[in-house]
Each structure stands twice: as structure tokens, then as C-alpha cells.
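Chemist:
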Amino acid sequence: MLDQKRHVDLLTTFPSLKRLLRSRSFQPGMMLLTLFVFTLVILTGLFGTPVGSRNFGIIFVWIVWWGLLIIMLVPFLGRFWCSICPIPAPGEWLQRRNIITKRLPKLRTLNKRWPRQLKNMWLQNFGFLGVALFSVIILTRPQVSAWLLLSFILLGVVLSVFYKNRVFCRYVCPVGGFIGLYSMVSPLEVRVNDPNVCLTHTSKDCVTGNEYGYGCPWMVYPGKLNRNIDCGMCMECLKTCPKNNIALNMRPFGTDLTIQKEHRLDEAYKAFIMLACALVYSVVLLGPWGELKNAANMQSIPHWLVYATSFLTFVLVLVPSVFGAFSAASWLLMKRTLPLRQVFIDFAYTLVPMGLAAWVAFSLGFVLVNGSYALSVLSDPFGWGWNLFNTVDVPWVPAAPQLIAFLQTGVLVAGLLFSVQTGYKIAREQMKLHRKAFAVMLPNSVFLILVTLAFMWLYLG
Amino acid sequence: MFREAAARMTLAVILLGLPVGIIGYRYVLEPTLNAESIFEVQAYAPERGGFSPAAIRVDAGEQVTLRFTSMDVTHGVAIGPGLDINLGHIDPGEQRQISLTFDEPGTYTYYCTTWCSPDHWRMRGIIEVRDPQNNNAASQIQPDPVIERLIEEGIDIDAVHTGSADHEDNILFELTSAARGSELIDSVVVPDELREIDWLRTHTPAESLTILSALNTSHSEAELRDVIAYLWTANSTYTADTVQTYNQNCAACHGESGNAEGLAAALTAEEPAAFGDPAYMFSMRPDVLYAKIRRGGMGTDMPNFGTLFTREETWALVDYLWSLAFEPELNE
Ligand code: SF4
Ligand code: SF4
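The listed protein sequences derive, respectively, from chains A and B. For my numbering, count along the first sequence from 1 and bump the result up by 1148. For my numbering, count along the second sequence from 1 and bump the result up by 317.
(1) Please tell me whether, using a cut-off of 7 Å, the distance from the CB of residue 1370/A to the nearest non-hydrogen atom of ligand 2 is below it.
(2) Would you identify the three-state DSSP class for residue 1289/A, choosing helix, strand or coil?
(3) Does the beta carbon of residue 1348/A sit closer than 8 Å to a beta carbon anywhere in chain B?
(4) Could you tell me the alpha carbon to alpha carbon distance between residue 1548/A and residue 1520/A, rounded to whole angstroms?
(5) Run through DSSP, which three-state label would residue 563/B get?
(6) Under 8 Å between the Cβ atoms of residue 1508/A and residue 1218/A?
(7) Would you say residue 1463/A and residue 1277/A are within 8 Å of each other, going by their C-beta atoms?
(8) DSSP beta-bridge partners for residue 580/B?
(9) When you compare the CB of residue 329/B with every CB in chain A, is at least one pair closer than 8 Å?
(10) If contact is defined by three or more beta carbon pairs under 8 Å, each pair taking one atom from either stretch, is the stretch 405-414 of chain B in contact with the stretch 336-348 of chain B?
(11) Does the stretch 1237-1249 of chain A touch the stretch 1339-1349 of chain A, meaning 3 or more C-beta pairs lie closer than 8 Å?
(12) Can the beta-carbon of residue 1332/A be found closer than 8 Å to that of residue 1423/A?
(13) Residues in its own chain within less than 6 Å of residue 445/B by CB, not counting five upstream and five downstream?
(14) Specify, as a first and last residue, the run of the alpha helix (DSSP H) that residue 1239/A falls within.
(15) My parser needs the alpha helix (DSSP H) runs of 4 or more residues fully inside the stretch 1301-1335 of chain A; what are they?
(16) Could you tell me the distance, in whole angstroms, from the CA atom of residue 588/B to the CA atom of residue 602/B?
(17) In chain A, which residues lie with their C-beta within 9 Å of the C-beta of residue 335/B?
(18) Would residue 1268/A pass as an interface residue toward chain B - the criterion being a Cβ-Cβ separation below 8 Å?
(19) Give the interface partners of residue 1531/A over in chain B, defined as CB-CB distance under 8 Å, in chain order.
(20) Alpha carbons only, please: which of 1582/A, 1546/A, 1500/A, 1581/A is nearest the one belonging to residue 1560/A?
(21) Would you mind telling me which residues of chain B sit closer than 9 Å to residue 1253/A, beta carbon to beta carbon, in chain order?
(22) Check the Cβ-Cβ distances between residue 1195/A and every residue of chain D, and say whether any is below 8 Å.
(23) Just by C-beta distance, which residues in the stretch 336-352 of chain B are closer than 8 Å to chain A?
(24) Are there any heavy atoms of ligand 2 lying less than 7 Å away from the beta-carbon of residue 1165/A, as far as the coordinates show?
(25) If you count every other CB in all the chains shown that lies within 10 Å of the CB of residue 1578/A, and 16 or more means buried, which is it?
(26) Once you ignore the five residues that flank residue 572/B on each side, which residues in its own chain have a CB closer than 6 Å to its CB?
(27) Going by DSSP, what residue range makes up the alpha helix (DSSP H) through residue 604/B?
(28) Less than 8 Å between C-beta atoms, sequence neighbours within five positions excluded: which residues of the same chain meet that for residue 1375/A?
(29) Output the boundary residues of the alpha helix (DSSP H) element that contains residue 1417/A.
(30) Which residues of chain A have a Cβ atom closer than 7 Å to the Cβ of residue 541/B, listed in chain order?
(31) How many angstroms separate the CA atom of residue 1354/A from the CA atom of residue 1366/A?
(32) Could you tell me the alpha carbon to alpha carbon distance between residue 1128/A and residue 1322/A, rounded to whole angstroms?
(33) Report the three-state DSSP secondary structure of residue 1167/A (helix, strand or coil).
(34) Determine, for residue 1149/A, whether the minimum Cβ-Cβ distance to residues of chain B falls below 8 Å.
(35) Residues of chain A with CB under 7 Å from residue 467/B, in chain order?
(36) For the alpha helix (DSSP H) that residue 1459/A lies in, which residues bound it at each end?
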């Protein structure tokens, strides 16, 4: 079971934090704030200058938001972003027919059932790949970005008309998928203090909702919550639980990754996709191959089709196969005591810290280099020649260019060590004996080292 | 209850107020407050479409604002002829605007002033200024008497000119100096004709050398060349603006010093003319230079500038070319 000693409940430590998170106004307030920025992003995207580096939408979504999300929020606060994200807000408020107060006993939807076959991450996997294929266009053209984000928010509303709760966030949102996967690394978690209290609590207010709040919008039962991946940190259960059993724990990084019984193929694939995409992006955007960048930029459709096909083959077939070969080696080393499929899936979770580190390293590069654009677009969000805060002429200054390589190396090495350690824990769970576990984890470690070297070569070479 | 109402108000402001406010301000309020017409011109490198739109129609006397946004690389924008409007460099994403009134009907050109691509010189747009009283009066393109006369005379504007090919000669020519010529001018017999601007503009320095050599046997050829250099630059009309025009529009190929080694010199179909080379310039007529500038050079990648500069501005440019050739101190 959980090593409770290493978990600190922030809500007991900081009563004011508990008051804040229990308040019904906090979350909607944050969402209104992000919704304001989101609306501005859409407006600047649709009506502002088509030049990405001068457009508020492009800079604030793909540099400021992305940088905050992947470098700060996900690694340290897990799914915190999901609790303040503007995209599900209109749909959620529509279901509740209220923004702040809890008035209706039930959510207003058509009460359709979400298909069983889709109660997993596959939609999110393919959604992310779809966005990734067009990313060079999306990242540079404000109009495309705006339409994409607009389609997300509309899809969120449409789904909330048909289905209860945050179906969009949990099963559809391409961003939600990887935030969930990587949130398992974060040192922050929503859990119950004592699962036994839940066992005996028959009304389960956190699931059904009560006058203080709604039943878990993420369709999670907090009493059995053992991984961050599905909990949106909305704190609704904190408001509903009459037993004061909800905790917001600080814990060691990556605790969720080794909970083997929850390991699933869709999540394993999410890990492959994310790691492979980080690799492809680094190659396309940082590598010395201009041709490749042009192809990704859709300069000609045939070139792009070749690019797209190789991209998908690399991400969905090549990376998993190579990884599979290493898993097969582990499997032989353990004398086939477990099914190969399980070994493969289990070890895929070692790619989570590695993948997150790769994304942080990759993002550090362009966020630090291009961060200064944020100041100038703040004053002239549309590129219409405004100068609201007198910062239009702030020159483009890459922040700490000499430091970037050091930071990237540090992050990649930390990711590697973390991944290797996760690999050992997983092997230990499989083999029990230290010596055997050590042997079984070795092929996986070799794979991790090779991937890290590839990234280092791309960033430092 | 109060908090819920406040939240709903905020939501309405965000989802309705913000879009309506911003779009209304931009597309309704701003245009009505400013009675002038605003033209948005996006600047792309020529291979990506050049200026968009590439043609604008306005009425003479109407106040207009032209707003240029650079969409891809650094461009520069100037408007001519004869308006003296130069917006300078426009970096990618940057916007520059100018409000102005065209007093005279006619055709004006906005053009890029920065070497933005190998097709840079194609990057032009037209402003057609109509006479609001007389809508049908199509602006007549006036034939240029200077060019007409060259054609009548049977001069081939596009004939290939090379200076003296002789290396030794070149070295001697390089020393030609109008400054020294000005000291010699009083000791040399110069027919009045050779001081007249009409004569100077229609003849080559080489021709005047033949005339002066016959009259001044006691002077060396080098001395007479200095005198000729003086005569060709004495009545120069170029100004600081002319130099800027040259540097922005000509120097990419011809070089700022006229050494024909501009950044883009290697990309042109023909080697660019070297105005800084006195030997080359000795065989040139000013009116042919004028015609080449205004009409462009066939098959050489020399663009036409007749729609960008007035005739006076063009003559000033030609005068500057002679200074590049004959005033070596200009480049020091
Ligand atoms: S309401 Fe509280 S005690 Fe009851 S099941 Fe939920 S978390 Fe456990
Ligand atoms: S478990 Fe609690 S915090 Fe997590 S999504 Fe459900 S209600 Fe929100």
C-alpha cells in the first residue's frame, strides 16, 4: 500500500488553502480568467495579423501557455491545468445551468451513454497525432490555431449536451491525454485520507453529489483513486465529502507509474506517441534538415504525405517495435514467467518520465528563446499598431541562451535516471528478487540511454 | 446569489462584449471616427505574391491611410513618383502606416526598397488617383521626350557598353578626378557648347575628349579627362535624398560605390554596370542612362523605375552616377 509517511496533506498543513479550494467561486473564477484570455486568443487569431510572432494568440498559446504547462504545471502540479482550463467551461456551466452555485440536483444533458469501446485513451491518442501532423502549420498560422481551439471548445459544448460530466476532457481532448499521463509523475495528488472510511460510507456523496457540490465530474471514485491520470483536480469531492476524507498530498515524484495492475495498452501507446513526437519535433524543428521542415510545413501535398506517412510509421510502428524488441529481451531474461504483452506494457511506463523530460527540454529551447515576444504582443495583441502597455518595441531577446543547453542536459539526465529507477521498481514488482529484477530491467535501461543520447545529440550537437 | 449573477455578467462580457467591442471598434467605430479611407496592404516577397492588394484606387484630394504589414521577410516601402514618401524598413509582422492626400490625379507606385528576394524589384503596387470631378478621364501616360528623341536618333538603349578593355588604360582612367579638373578648367579652351546642359546630356565624355584634344594640344589626355570630369559633375542636381534612393534601389546590384558588386550582383542575368568605373562611364551618354533607369534594360534584369521616380528625380540619379565615376573622394 501507499507509504503514508512520505505523503503530506497540504490541506491540513495549510487551512487557508483548504478554504480557498473548498470555495465554490475559486475554480469558476480561474476559469473565467482563462476564458477571457482564450477569447482574446480566438479573436486575435481570426482578426489579427497573420504573422505568428506578432500575434497574441500564437505567442500566448504556443509559447506562454505551452511553456507554463509543460515546464511548470504538469511536472509539479499534475492536472492542475485541467481544473482551470477554459475549454470545458461553457459546456460544464451549461450542464449545471450555473457557474458558481450548486442549485440543480442533476446535470442537464440528454443522458446518452458514452460507448464502452471509447472509455480509454485511444481517441486522445489519435486526436493528438492528428494535431501533431499539422503542428507546423498550426503553430505558425494564427487563423488555423484559432479555428482549432474554437473547434475544441465547440466540441466540448456539443459533448456536454449529450453526455454527462467531462467526457470531452477524459476521453476526447488531445491535450488532456498527455497531461493525464504525465501528471502521474507530479508530486501532487488528490486522494482520500483513509480508504476504509469510504468503504463504510454508504451514500458516497463524492460520486452522487450533494448540496455542496457535484458528483465527480471526471467520473472517478475518490475512494479508490490511486493514480493521477483520471482526476482533474477540480476539488468537487473536497466540497462534497461529509467525512472530511479528501486530501491534497505532496508525495515523491512518479509514485503512480509503478501501479502495475492499472497498466493499459492505450496508455502505453500514449507514452510511445509522446516520446516519439518529442523526437520528431526536435528533428524537424532543430535538426539540420530544412527539406524536412518544408515537408512538415506542407509546402507541397505529396511531400507532406510522405512526411505524414513516415511520421505515423515512426510513431506507431517503429518506436513501439524497437521498444518491443528490448522488452522481449527482458522477457527472455525473466524466463517468460509473465506474458510478453504485460512486460511490454509495464515497461512502457518507464517512458513517461523520459518523455516528459524530453518535452521539457525541447520546450525550454523555444520558450526561453522566444519568450520576449510575449511582451510586445501584450501591447499590440492584434498587430494593429496599438501600444497598450508601451511594450511594443521591446526587442526580441533570447533569455539565457548560454544556459539553455545546460538546462536541457540537466533535465534529460534527470529524466533518464528517473526512468531507469522506475524501470527497476517495475521489474522488482515483477520479479521480487533484487538480482533478477536488476537483470530484467537492463534491456529497458539500454533503450532509455539510447533515446537520451539521441536527444542530447539533437539539442547539443 | 450575488456571486452567481456577477459570474454570469462576467461570462457575458467575455463571450459577447469582448468580441463585439473589439470587432465593432476596429471595423465600425474606427473607420467612422476617421473619415479617411484605410487601405491595408500586406507585403509578401514577390514569389509569394508581392503586395496584396497590388492596386488601389483613390480620389484626388481624399485623405487616405495606407497601412503596410510585412508578412514574411523585411521589406521597405516607398511611394513615388515625386511624393518623397519613404516608410523605411518594415520587419516581419511589423506595421507602418502613412496618411496622405494625393492632390493630382495620376498613377503612383508603392514599391519595396529592400532586397527581399531575387525578384525584389517586381514588388510593386499601383495607386490610381482619379479626378473626382471627371471620372472618365483616364490618366494619360505621357511619352517621355528624352526617350522619344533617342529612338528617333536611332540609338539602341540596350546596346552593350563596355569601357576600355585595356588594363593600363583602366588604371589611368581610375585616377580621373573632377576636383583636379576644377583647378585646370581656366587654363583649357572649352567651347561654350560643351558647357551646355543639353549638349552634355546627349553626348559621351569620350566625344568631348576628342573635341578638347584638338583644341588643347599642350594638355595631356589625363588632364583633359579631369576637366571633362569637372564639366560632367559641375551642375549636379543630386541631393541627400538622391543618394538614399540610389542606395535603396540601385546599390543591391550596382554597389553603393558603383563598383557593380552589390549583394545581388551575382544573381542578375547580365553583369550590372559599374558606375564607379570612369572608363565605363566615358562611353556613356547621360540621356541613355536616364532612359535605362526609366525604361529598364531589356534582358539584363535592370528593372524600370519610370513609374517610381519623377523625371527630375531620375536626372538627379544620373547626376549622382557621374559623381560616383568622377569624384573618387566620394567613396573614401
Ligand atoms: S464522500 Fe468522502 S468518505 Fe464518502 S466515499 Fe466519497 S471520499 Fe469517501
Ligand atoms: S476525484 Fe475529486 S478532484 Fe478529482 S476530478 Fe473527481 S471530484 Fe475532482
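Think of the CB as a built atom: it goes at the ideal place given N, C-alpha and C, for glycine as much as any other residue.
Modeler: This is what the structure gives:
(1) Indexing the first sequence from 1 puts residue 1370/A at position 222. Under cutoff, so the answer is yes.
(2) Residue mapping note: residue 1289/A aligns to position 141 of the first sequence, counting from 1. It is coil, neither helix nor strand.
(3) Within the first sequence, the letter at position 200 stands for residue 1348/A. No - not a single Cβ of chain B is within 8 Å of the one on residue 1348/A.
(4) For the purposes of this step, residue 1548/A is identified with residue 400 of the first sequence, where counting begins at 1. For the purposes of this step, residue 1520/A is identified with residue 372 of the first sequence, where counting begins at 1. Rounded to the nearest angstrom, the two C-alpha atoms are 11 Å apart.
(5) Taking the second sequence and counting its residues from 1, the one referred to as residue 563/B is at position 246. If DSSP states are grouped into helix, strand and coil, residue 563/B belongs with the helices.
(6) Mapped onto the first sequence, residue 1508/A falls at position 360. Mapped onto the first sequence, residue 1218/A falls at position 70. In contact: residue 1508/A and residue 1218/A (Cβ atoms closer than 8 Å).
(7) Mapped onto the first sequence, residue 1463/A falls at position 315. Mapped onto the first sequence, residue 1277/A falls at position 129. The answer is yes: Cβ separation under 8 Å.
(8) Position 263 of the second sequence, counted from the start, is the residue given in the question as residue 580/B. Residue 580/B pairs with nothing; no bridge assigned.
(9) Here residue 329/B corresponds to residue number 12 of the second sequence, with the count starting at 1. For residue 329/B, the closest Cβ of chain A is not nearer than 8 Å.
(10) The stretch 336-348 of chain B makes no contact with the stretch 405-414 of chain B, as fewer than three CB pairs between them are under 8 Å.
(11) No, they do not touch.
(12) Locating residue 1332/A in the first sequence gives position 184, where the first residue counts as 1. Locating residue 1423/A in the first sequence gives position 275, where the first residue counts as 1. In this structure, residue 1332/A lies away from residue 1423/A, with their beta-carbon atoms at least 8 Å apart.
(13) Against the second sequence, residue 445/B aligns to sequence position 128. Contacts found: 374, 424.
(14) Translated into positions along the first sequence, residue 1239/A becomes position 91. Per DSSP, residue 1239/A belongs to the alpha helix (DSSP H) from 1237-1244.
(15) 1322-1331
(16) Looking up residue 588/B in the second sequence gives position 271. Looking up residue 602/B in the second sequence gives position 285. Approximately 19 Å between the Cα atoms of the pair.
(17) Reading the second sequence from its first residue, position 18 is the one you call residue 335/B. Within 9 Å Cβ-Cβ: 1184, 1187, 1188, 1191.
(18) Position 120 of the first sequence, counting from 1, holds the residue named residue 1268/A. Put simply, the CB of residue 1268/A is far from chain B, with every gap to its CB atoms at 8 Å or more.
(19) As a first step, residue 1531/A must be located in the first sequence, where it is residue number 383. The contacting residues are 386, 410, 412.
(20) For the purposes of this step, residue 1560/A is identified with residue 412 of the first sequence, where counting begins at 1. Looking at the Cα atoms, 1500/A is the closest of the given residues.
(21) What you label residue 1253/A is simply residue 105 of the first sequence in a count that begins at 1. Within chain B, no residue comes near residue 1253/A; the closest Cβ sits about 17 Å away, beyond 9 Å.
(22) Given the protein chain composition of this structure (A and B), no chain D is represented.
(23) So the list reads 336, 339, 340, 343, given in the order they occur along the chain.
(24) Residue mapping note: residue 1165/A aligns to position 17 of the first sequence, counting from 1. Answer for residue 1165/A: no, Cβ out of range of ligand 2.
(25) Sequence index remark: in the first sequence, residue 1578/A carries index 430 (1-based). Classification of residue 1578/A: buried, given that the 10 Å Cβ count is 16 or more.
(26) Position 255 of the second sequence, counting from 1, holds the residue named residue 572/B. Within the same chain, residue 572/B has close Cβ partners 578, 579.
(27) Stepping through the second sequence from its first residue, residue 604/B is reached at position 287. First-last of the alpha helix (DSSP H) with residue 604/B: 603-612.
(28) Counting from one through the first sequence, the residue named residue 1375/A turns up at place 227. For residue 1375/A, where only same-chain residues beyond five positions count, the Cβ hits under 8 Å are 1332, 1404, 1407, 1410.
(29) By one-based count along the first sequence, residue 1417/A stands at place 269. Run containing residue 1417/A: 1413-1429, per the alpha helix (DSSP H) assignment.
(30) Translated into the one-based positions of the second sequence, residue 541/B becomes position 224. Under the 7 Å cutoff, chain A gives no residues; its nearest Cβ is about 55 Å from residue 541/B.
(31) Counted from its first residue, the first sequence places residue 1354/A at position 206. Counted from its first residue, the first sequence places residue 1366/A at position 218. Distance between the alpha carbons of residue 1354/A and residue 1366/A is about 11 Å.
(32) Outside the displayed range of chain A (1149 to 1609) lies residue 1128/A, so it cannot be described from this structure.
(33) Within the first sequence, numbered from 1, the residue matching residue 1167/A stands at position 19. Reduced to three states, the DSSP call for residue 1167/A is helix.
(34) Residue numbering aside, residue 1149/A sits at position 1 when the first sequence is read from its first letter. Caution applies to residue 1149/A, whose pLDDT of 40 falls short of 50 and renders its modelled position unreliable; the value that the coordinates give is listed next. Output row for residue 1149/A: interface = no.
(35) By 1-based counting over the second sequence, the position of residue 467/B is 150. By Cβ distance, chain A contributes nothing, its closest Cβ being about 45 Å from residue 467/B, past 7 Å.
(36) If you number the first sequence from 1, residue 1459/A lands on position 311. Counting along the chain, the alpha helix (DSSP H) containing residue 1459/A begins and ends at 1449-1460.
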